[in-house]
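A.B. asks: Our numbering numbers the first residue of the sequence shown as 1 and each following residue consecutively.
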Amino acid sequence: LHQDDPDLLKGQTRVVQAGVAGERTILTEVTTVDGKEDRQVKSNSITQEPVTEIIAVGTKVDSTSIPSEGTSSLVEVKPELEVTTETVAYDTLHQDDPDLLKGQIRLIQSGVTGERTILTEVTKVDGKETRKVVSNEVTTSPVSEIIAVGTKVESTSIPSEGAPSLVEEKPELEVTREPVPYDTIQKEDPDLLKGQTRVIRAGVAGERTILTEVTTFDGKETRKLVSNEITTAPIPEIILVGTKKEPLPLPQPKVETQTILYKTIYQADDSQDVGTRKTKIHGVNGQVETTTRYTRDQTSGQIIESSTSKNLVEKVDEVVLVGTKPSVETKVIANNTIYEADPTLPYQTEKVAISGKEGIEKTTTSYQVDTQTGQVTERDHQKEVTAPIDKVMKVGNVETVVTPIPIKEERRQDPRLDKDLEKVESQGDPGETTTTRVYEVNSQTGELLSHTETSAVTKAMKPKVILVGTKENKPHLLPVNTELENAIDVRPASQGMKAVDLLSNPYVTNVLRPNILGRDVISKKIELKKTNPTITDDEVREVLRKEYLERLSIKDALEETKKTLDTDLKKVVAYSLSVLRNTAETRAKVQADLEANKEKILLGLTYINRFYNIDFGKTNIRDILAYNPSSFGKKVTSLEWLTSLGSMSYDEMKLVNSPRTFETYFGKVTDKSSLLDFLDYNRTTFTNMDGDTWLKDATKAIVVEKKSKEKTDENVSLYTKLTSDPAKYGAEPQQIDNRKQYNMATLLGLVNIKEPSIYAITNMATVSYGNIGTYMDSSLAQSNPTQYKTELEKVKALVELTAERQAAYVDTLYRITKKDNQSKLVTNRLIVDTMKKYTSKQNAGIKETWSKEFGPEADKGVKDFMSPLGMYSPPQSVGAEANGTGVRYFIDRVLDDRGSATYSHEMTHLLDRTVLFNNYGRRDGTGAEFYARGIFENSYTPETDSYFNLNFVYDESDKESFYNKTPERFKSVADLKEYMHGSFDVLYTLDYLEAEASRGMSAADKAVYFKQLLPCATSGSRTPVSYPNPSVKPTHQSEEIKALTEADASMLGDVHSLIDNHIVVNRYIIKGFTATGKVDANGYYTVDMFDTIYGVNENDKGMSGDISFRKQAFELMAGLGYYEGFVPYVSNQYKQDAEKENRPLSDQYIFEKILVGKTYAQFKKEQMDERIANISKLKSITIDYKGKQEVIASPERMKQLMEEAVKEELAQIKAGNISQKQYRFIETPVQKLKKAIYKAYLKESNEFRNSIYTS
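1) Give the secondary structure of residue 984 by DSSP, where H, G and I count as helix, E and B as strand, and everything else as coil.
2) With distances taken between CB atoms, is the gap from residue 861 to residue 771 smaller than 7 angstroms?
3) Have a look at residue 220 and residue 214 and give me their C-alpha separation to the nearest angstrom.
4) DSSP state of residue 455, grouped into three classes?
5) With 16 as the cutoff for other CB atoms within 10 Å, does residue 2 come out buried or exposed?
6) How would you write the range of the alpha helix (DSSP H) that residue 510 sits in, first residue to last?
7) Going straight from the alpha carbon of residue 463 to that of residue 406, what length do you get?
8) Could you tell me how far apart the beta carbons of residue 1300 and residue 92 are, in whole angstroms, since I believe they sit closer than 8 angstroms?
9) My understanding is that residue 319 touches residue 281, with C-beta atoms under 8 angstroms, so please give their C-beta distance in whole angstroms.
10) Below 8 angstroms on the Cβ atoms is my guess for residue 899 versus residue 838; work out the distance and round it to an integer in Å.
11) Does the count of Cβ pairs from the stretch 870-883 and the stretch 773-792 closer than 8 angstroms reach three?
12) Using DSSP with H/G/I as helix, E/B as strand and the rest coil, what is residue 1260?
13) Do residue 948 and residue 1089 come within 7 angstroms of each other at the CB atom, strictly closer than that value?
14) So, is residue 930 buried or exposed, given that buried needs 16 or more other C-beta atoms within 10 angstroms?
15) If you draw a straight line from the alpha carbon of residue 926 to that of residue 1080, how long is it in whole angstroms?
16) Considering only C-alpha positions, which residue in the set 1207, 198, 228, 797 is nearest to residue 207?
17) Going by beta carbon distance, what residues of the same chain come within less than 7 angstroms of residue 993, once the five residues before and after it are set aside?
18) Considering Cα atoms alone, identify which of 982, 963, 823, 240 is closest to residue 911.
19) Verify whether the separation of the beta carbon atoms of residue 1146 and residue 1097 is less than 7 angstroms.
20) Would you kindly work out how many angstroms separate the C-alpha atoms of residue 137 and residue 19, rounded to a whole number?
21) In the DSSP assignment, find the beta strand (DSSP E) that holds residue 206 and state where it starts and stops.
22) Considering Cα atoms alone, identify which of 1250, 1083, 330 is closest to residue 928.
23) Enumerate, from N- to C-terminal direction, the unbroken beta strand (DSSP E) stretches of 3 or more residues contained entirely within the stretch 731-776.
24) Would you say residue 306 and residue 290 are within 7 angstroms of each other, going by their C-beta atoms?
25) Could you tell me which whole beta strand (DSSP E) segments of length 3 or greater appear in the stretch 684-740?
26) DSSP three-state call for residue 573: helix, strand or coil?
27) Express the C-alpha separation of residue 955 and residue 748 in angstroms, rounding to a whole number.
28) Considering Cα atoms alone, identify which of 378, 173, 258 is closest to residue 1257.
29) Taking the runs of the alpha helix (DSSP H) that are 4 residues or longer, which of them lie wholly in the stretch 875-954?
30) Considering only the alpha carbon of each residue, which of 1254, 583, 728, 573 lies closest to residue 1175?
31) Since I believe residue 832 is in contact with residue 871 (beta carbons under 8 angstroms), could you give me their beta-carbon distance rounded to a whole number of angstroms?
32) In terms of residue numbering, what span does the alpha helix (DSSP H) encompassing residue 1117 cover?
33) With distances taken from CA atoms, which of 1168, 645, 674 is nearest residue 665?
34) Going straight from the alpha carbon of residue 609 to that of residue 622, what length do you get?
35) Hey, is the stretch 389-403 in contact with the stretch 427-435, meaning 3+ C-beta pairs nearer than 8 angstroms?
36) Cβ atoms of residue 1055 and residue 1168: under 7 angstroms apart, would you say?
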């Protein structure tokens, strides 16, 4: 250690304490086996601690000044080292000795005193002595005296006879002493000449004492080491070593050459442009030679230095001419546009009255130069202004609105027509009301303001005249005949029928015995064994038999039929006797048949009551069909008819089989070959309605039909879609018969809906069905009718809104689809809403709210419509599921905002192979989710979502979103490219500015700010494809987001380097809060527009990963177009071409086709460079940013804002205040800025219909 010593002259040193090396003892066990030596370290420890050497370092500066007159000169004496020793007393230790008789003592080790050495520095100045203790330490440790104290008690026992007496000798203590050598300590002495030494303390050897206990037993000697320690410490020898040097020889004379730099003088030159320079006189550096010589002062011995100088080269200053030529700047002064009203022009038409002209401001600027720095500054400005001429626009401010006066109906009674029959006598003619509105005009904007209004009827309305028949004529019903109704006593039969139980009656059990599926037995047994472990298969089948009967949905109808049996059976008797004639014989027969077939008659009445309780205008055909079947032309009694009908089997009783059941049972009675013929016959007999009108009149279901605005000739009415040939809607030949049967069963189910329990939505492509009980508490109909009506109106509004959205989506696809593909959108795809029941409980799970399939707890719509038509299914923990021909909803609900987004998602699964991809099919290597989530699925929260998305569904006119406000933005497929190209005009510009803002970062900061999106071995699921030719089998890739190393980050520079090195920004999140790791194929990923992906992926053997696939698909749509870039990339368009060339369909192959030989990286760089070149042309915008209005009038300001945001974001990342670390969404500074700028340009460009650049 070195210590400053203010009393020691600077440059001198002195040893205060000599260093002593310590000692480490290593014990090694050496074992030799079969000549092989094995060494094992048993101990390795410091047995003697080292002593630190302490050296004093002088800091005193020796004064060379001459004392003032009268001031005594100080006499300094060098310090001396005084050595003093003192005795250190030893301790006395007593220890028990079991071999020494009690009361005796023995000296084991003599005590030896130690020695303490005190080093004192003694200094005398002007006769005054100063003493300073430098060291005080024990130099010889004392040796403790050890005395053994006897504890043995002498035995007095006499040895047994014959036992040998042991001879024991007392142990002796052998003392051995060995010398311990002393150390030699050297201390530097600055007053002693170098090479000389002086001993100031002689060394004294120490002594080691070894005590060994020697015991002899039976003549055998045993030795035991008791102690081995230093009893007298050695005294180190101290030697002073001289360090004083002899006077140094004089240095040789030194010659140095110094360069004298020339100065630069700047002069103004009006003949040169500002920013240019020209050298008038070139500068020359001067040179000076300096010679230094040395002498010694004879008195002090000090070396004296003296120097002389001479010029070798004269210095010449450089003269630079700096351009100060005056500049002329010309600015255009915008002229105003003044708007004036012109009632002679068509309404809202604008016409130029005065063309106007822009003004010009010409500014001449002169400059001056700083002669020292060359900096050019402006001196003065001279302006010359030509005033602008305002443009005058005339605006048509008179609006004429012709409003039709609706035709009113006049209903006139006509006794010539049958009662309730209606006939249109005249269609009428709508009138017209003409309204004239005269508007004021805003002179600055041309906007039409408040107006005055006048109205007048310009065409009288002629009413529609409808003749309503009053002539009584009901050919299908006989008049009431009380005598016949009471001809026999129906009470015994009625009582017997009322006792029939659907689930337990033997006849019903036999005739309605279902064919129970084996899989149902297995699953039900597993379920029931949880509560009844010993249940048998027969018991399980009995439980299932009752459940199957419940599925027929006739149980409630049977109980309702029982309530009116007394009256209904009298009608059965009366109409039967009217056919058979009323005789004693026929009455007896009717009585006997009635009682013998009571179960069949009950089932027949129930079937008609459940499925043929149909209104045709004001006529319900249930009674006609049940009591007077012969009115349809065949002579048959009601009793015979109902008995026959009640004999049908379980399968014949099912609603889904009702068209075939009609042909089997009803056809021979009604003389109609099909259910549709029968319904149409009654419709035309009892009403003047067409089928479309009749269905909506007959059902209490909420039906909303939305015609296409693009294919206006397509009838989307529910009746037409159910009754038209399924081939029209794309059914394959083998499917047509089953589709017809199902559609007619659905129609029959709809017209038997007697309360608003379900809804139906139709458009050109789909038919949706759902339960009203999913969206409101249906029990309010009984508990609070007023509230029920209010809630029902809300649901109706939701149905109407959803119908509009679905139709808008289908129409948008129709507009962008190639003409030869548009017919594929005319379909009857079935959309089945969730079976969840309404609940006010927040966050209720799907299993908790899922309706039962049947029974008292089942939703009314489920029980009466969904289940009997096979639309019911168990719950699944998914939003929805496309099943090839339609869609089932589970967690999501059709009528919610999210439900319409789900509609777009699932329809993508159904249409991507054909309509969306021009019949080329999904690209090999993809799965269904590659296209839905993240590409075609619509955002339903557009004010917060910012991933790439096209709004094909919603009218978001009242929202500030990141997308087109309405689907009508895309009138044609060309609009998709226009929109996406404009979108990337903004996005590429912002991405470039972010890249530029990061260029100045250190490699360490870039490694924090960026990540890499790299290709890796495929993982996840892909649709399997077989390849008979192995050479065309692709090798697909997935992707992985990894942290960036500093080495990789050091290679990053401009935006091109970010593209080449697969860079993404740190804020990019794969999904949820996962920011790094594998991106498995076919996942639910979105790509945020503002979380920049610079890198590209181009697989030469197959397709790339999910994230790059989505991003590059949108980039190709923007750069090339939908059918020119997007479809070829995402589909199998070039698969056959690739396989003909014996190559796999890969990214590289597709890019060779659509990018004309360029790599994707080259394509993206060109796209980026296009936007970089146009940055100076960006239009000025005003953004909402950081709580205020920020005007961005120049690229420089935008760049400045981006640099500030990037700097803030880097700090935020380093602080860990980011989404993936906090597990909550945190908007980053760059995201905030990009979003604000993007929204402003989206609005300013009218959703990219106009350019974001100045012309």
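For glycine and all other residues, C-beta sits at the position ideal for the given N, C-alpha and C. Since this is a predicted model, take the numbers as computed values, not measurements.
C.D. replies: Reading it off the structure:
1) When secondary structure is reduced to three states using DSSP, residue 984 falls in the helix class.
2) For the pair residue 861 and residue 771, the CB atoms are nearer than the 7 angstroms cut-off.
3) Rounded to whole angstroms, residue 220 to residue 214 spans 10 angstroms at the Cα level.
4) Three-state result, residue 455: strand.
5) Looking at its Cβ environment, which holds fewer than 16 other Cβ atoms inside 10 Å, residue 2 is exposed.
6) Looking at the DSSP string, the run of the alpha helix (DSSP H) that includes residue 510 is 506-511.
7) Near 9 angstroms, if we compare the C-alpha coordinates of residue 406 and residue 463.
8) As shown, the chain starts at 1 and ends at 1255. That puts residue 1300 outside it, with no answer to give.
9) Taking a contact as a CB-CB distance under 8 angstroms, the pair residue 319 and residue 281 counts as one, their CB atoms being some 4 angstroms apart.
10) Contact flag wrong, Cβ pair sits at about 15 angstroms.
11) They do not touch, by the three-pair rule.
12) This structure gives no information on residue 1260, because the portion of the chain shown stretches from 1 to 1255.
13) Against a cut-off of 7 angstroms, the Cβ pair of residue 948 and residue 1089 comes out as a contact.
14) Buried, because 16 or more other Cβ atoms sit within 10 Å of the Cβ of residue 930.
15) In a straight line, the C-alpha of residue 926 is about 12 angstroms away from that of residue 1080.
16) When only C-alpha atoms are compared, the closest one is 228.
17) Cβ within range, chain order: 1198, 1199, 1202.
18) Closest option to residue 911, Cα to Cα, is 823.
19) Going by C-beta atoms, residue 1146 is not nearer than 7 angstroms to residue 1097.
20) Rounded to the nearest angstrom, the two C-alpha atoms are 14 angstroms apart.
21) Per DSSP, residue 206 is one residue of the beta strand (DSSP E) stretching across 206-217.
22) Out of 1250, 1083, 330, 1083 has the C-alpha closest to the C-alpha of residue 928.
23) Within the stretch 731-776, the beta strand (DSSP E) runs of at least 3 residues that lie entirely inside it are, in chain order, 758-762, 766-771.
24) It is not a contact, given that the beta carbons lie outside the stated cut-off.
25) The DSSP assignment places complete beta strand (DSSP E) segments of no fewer than 3 residues inside the stretch 684-740 at 702-705, in order along the chain.
26) Residue 573 falls in the helix class under three-state DSSP.
27) Between the alpha carbons of residue 748 and residue 955 lies a distance of about 35 angstroms.
28) Residue numbering for the chain in the displayed model covers 1 to 1255; residue 1257 lies beyond these limits and cannot be assessed.
29) Complete alpha helix (DSSP H) runs here, min 4: 897-911.
30) The shortest CA-to-CA distance from residue 1175 to any of 1254, 583, 728, 573 is the one to 1254.
31) The C-beta distance from residue 871 to residue 832 rounds to 5 angstroms, short enough to meet the 8 angstroms contact threshold.
32) Counting along the chain, the alpha helix (DSSP H) containing residue 1117 begins and ends at 1106-1119.
33) Residue 665 has its Cα closest to that of 645, out of 1168, 645, 674.
34) Just so you know, the alpha carbons of residue 609 and residue 622 end up roughly 6 angstroms apart.
35) Yes, since at least three Cβ pairs between the stretch 389-403 and the stretch 427-435 fall closer than 8 angstroms, the two stretches touch.
36) Contact: yes.
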